[in-house]
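Protein chains in written order, with our numbering: chain H, 5 to 151; chain Y, 5 to 151.
2 protein chains.
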Amino acid sequence: MDQRIKEAVDLFTDVMVYGTEKVIKSIDHPLWNEYSPEQMQMLKLIRKEERVTSSRLAVLQSVHKSAISSRIKKLLQKELIRIADSDDKRTKMLEITDAGREVLKQSEKALTEYIEKLMSAHIEDEEIDQFLIIFRKLKKILKMDGV
Amino acid sequence: MDQRIKEAVDLFTDVMVYGTEKVIKSIDHPLWNEYSPEQMQMLKLIRKEERVTSSRLAVLQSVHKSAISSRIKKLLQKELIRIADSDDKRTKMLEITDAGREVLKQSEKALTEYIEKLMSAHIEDEEIDQFLIIFRKLKKILKMDGV
DNA sequence: TTTATTAGTTGAGGGGGTGGACTATTTTGG
DNA sequence: CCAAAATAGTCCACCCCCTCAACTAATAAA
Numbered sequence: 005m006d007q008r009i010k011e012a013v014d015l016f017t018d019v020m021v022y023g024t025e026k027v028i029k030s031i032d033h034p035l036w037n038e039y040s041p042e043q044m045q046m047l048k049l050i051r052k053e054e055r056v057t058s059s060r061l062a063v064l065q066s067v068h069k070s071a072i073s074s075r076i077k078k079l080l081q082k083e084l085i086r087i088a089d090s091d092d093k094r095t096k097m098l099e100i101t102d103a104g105r106e107v108l109k110q111s112e113k114a115l116t117e118y119i120e121k122l123m124s125a126h127i128e129d130e131e132i133d134q135f136l137i138i139f140r141k142l143k144k145i146l147k148m149d150g151v
Numbered sequence: 005m006d007q008r009i010k011e012a013v014d015l016f017t018d019v020m021v022y023g024t025e026k027v028i029k030s031i032d033h034p035l036w037n038e039y040s041p042e043q044m045q046m047l048k049l050i051r052k053e054e055r056v057t058s059s060r061l062a063v064l065q066s067v068h069k070s071a072i073s074s075r076i077k078k079l080l081q082k083e084l085i086r087i088a089d090s091d092d093k094r095t096k097m098l099e100i101t102d103a104g105r106e107v108l109k110q111s112e113k114a115l116t117e118y119i120e121k122l123m124s125a126h127i128e129d130e131e132i133d134q135f136l137i138i139f140r141k142l143k144k145i146l147k148m149d150g151v
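Listed below in structure tokens is the structure:
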């Protein structure tokens with residue numbers, strides 16, 4: 005048991021913490037050069053939520069509201085999102101624009117092609133199912149707040 | 005097939021790209037506040053390599069040498085590493101100090117405890133083995149340069 | 001020995017983040 | 001009903017990370 009946990013920790017840090025950046029760099033798509041991963045994640049969240057406020061995004065991305073504020077400014081400038089009307093004049097309701105949807109679509113296409121290439125080259129068919137099972141589980145676990 | 009790849013892409017981005025930061029934040033150990041993940045990774049690499057130059061670290065961490073340069077300055081200042089002698093006077097041979105080893109030890113302890121808690125709470129015994137298998141595979145794949 | 005090449009530093013410029021101060025707009029509650 | 005408290009966002013200083021290009025110093029090559 006002890007030994008397995010130790011290996012799990014090593015694998016976790018290698019694969020998750022340090023491997024992720026390597027993948028992002030490998031994709032090397034012009035979009036990933038123009039928009040940061042954080043901006044992309046935010047755009048994806050805005051598409052998913054349809055209409056969302058700055059403070060909700062801060063909760064979803066687990067960062068300070070000031071970080072969100074500057075991010076919004078950048079996405080607005082690039083016209084990937086727009087401000088919708090809101091009852092509460094303190095808040096800014098955000099929604100994705102058509103340009104934003106297109107950017108997400110392109111980025112997802114690139115990522116899909118990359119992972120597909122990766123998998124078909126190195127992972128057997130039955131391993132893909134295992135991958136899915138483990139990652140579904142991981143997602144579920146990581147979503148939990150209190151651990 | 006298509007459907008599984010799509011799910012794999014979603015899971016990949018959710019778990020790897022965005023889940024990782026959540027985990028790092030969750031650990032909430034004073035060490036992770038004092039030293040950045042990049043500094044920790046570098047320290048780990050220096051311990052592993054025993055004696056290593058700046059340019060080799062740049063290759064290992066896949067960043068520009070100037071990024072490494074400032075990182076080294078910080079680790080030196082914190083006395084977690086030291087400069088060893090070198091034949092080539094252009095290079096700086098680096099090695100870890102006792103203080104550096106201690107920091108790594110503490111950080112690994114915290115991470116181990118965290119992951120152990122996470123796993124024992126949410127993952128069955130036989131799933132741990134599956135986790136190990138998939139992550140070993142992922143590590144191997146991600147280590148490949150040309151994809 | 002003169003000319004490349006290599007190692008590392010530095011500085012500008014642009015990402016990411018926090019926390020606190022500040023404005024504007026609700027809400028609350030005496 | 002109106003003053004006090006809470007909420008939503010922005011802005012600022014300050015930190016980390018990164019790249020790229022200019023620069024110095026030292027070694028390798030011609």
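C-beta: ideal position from N, C-alpha, C; glycine also.
Nearest to residue i (by Cα), restricted to the options the options
i: Lys109 (chain H); options: H:Glu120, H:Met44 and H:Ser66; result: H:Met44
i: Ser59 (chain H); options: H:Asp91, H:Arg51, H:Val13 and H:Leu98; result: H:Leu98
i: Asp14 (chain Y); options: H:Arg55, H:Lys48, H:Ser90 and H:Ala62; result: H:Lys48
i: Lys82 (chain H); options: H:Lys113, H:Leu35 and H:Leu64; result: H:Leu35
i: Asp89 (chain Y); options: Y:Ser73, Y:Asp133 and Y:Val56; result: Y:Val56
i: Ile72 (chain Y); options: Y:Ile132, Y:Ser111, Y:Ser124 and Y:Glu42; result: Y:Glu42
i: Tyr39 (chain Y); options: Y:Glu54, Y:Lys10 and Y:Lys77; result: Y:Lys77
i: Ile31 (chain H); options: Y:Thr17, Y:Val27 and Y:Glu25; result: Y:Thr17
7 Å CB neighbourhood of residue i in its chain, flanking five on each side removed
i: Ile87 (chain H); result: Lys96, Met97 and Leu98
i: Arg105 (chain Y); result: Arg51
i: Asp149 (chain H); result: For Asp149 (chain H), the pLDDT reaches just 38, beneath the cut-off of 50, and the residue's location in the model is therefore unreliable, although a value from the coordinates is still provided. Excluding sequence neighbours, Asp149 (chain H) sits near nothing in its chain.
i: Val151 (chain Y); result: Legend: pLDDT at Val151 (chain Y) = 32, less than 50; position of this residue unreliable, value from coordinates given subsequently. Cβ neighbours of Val151 (chain Y) beyond the five flanking positions: none.
Residue i and residue j closer than 8 Å at C-beta
i: Ala103 (chain Y); j: Leu84 (chain Y); result: yes
i: Arg51 (chain H); j: Ile100 (chain H); result: yes
i: Arg75 (chain Y); j: Met46 (chain Y); result: yes
i: Leu142 (chain H); j: Val19 (chain Y); result: yes
i: Leu64 (chain H); j: Gly23 (chain Y); result: no
i: His33 (chain Y); j: Ser124 (chain Y); result: no
i: Ala12 (chain Y); j: Ile28 (chain H); result: no
Simplified DSSP state of residue i, which is helix, strand or coil
i: Arg4 (chain H); result: The structure shown does not extend to residue 4 (chain H), since chain H is modelled only from 5 to 151, so the question has no answer here.
i: Glu3 (chain Y); result: Residue 3 (chain Y) lies beyond the residue range present for chain Y, which begins at 5 and ends at 151; the question has no answer from this structure.
i: Glu99 (chain Y); result: strand
i: Arg94 (chain H); result: coil
i: Ile127 (chain H); result: coil
Cutoff 8 Å; reference residue i; Cβ partners in own chain excluding five residues on either side
i: Lys69 (chain Y); result: Ser58, Ser59 and Ala62
Residues near residue i by beta carbon distance below 6 Å, same chain, minus five either side
i: Leu122 (chain H); result: none
Does the contact criterion of 3 or more C-beta pairs under 8 Å hold for the segment 111 to 122 of chain Y versus the segment 133 to 141 of chain Y?
no
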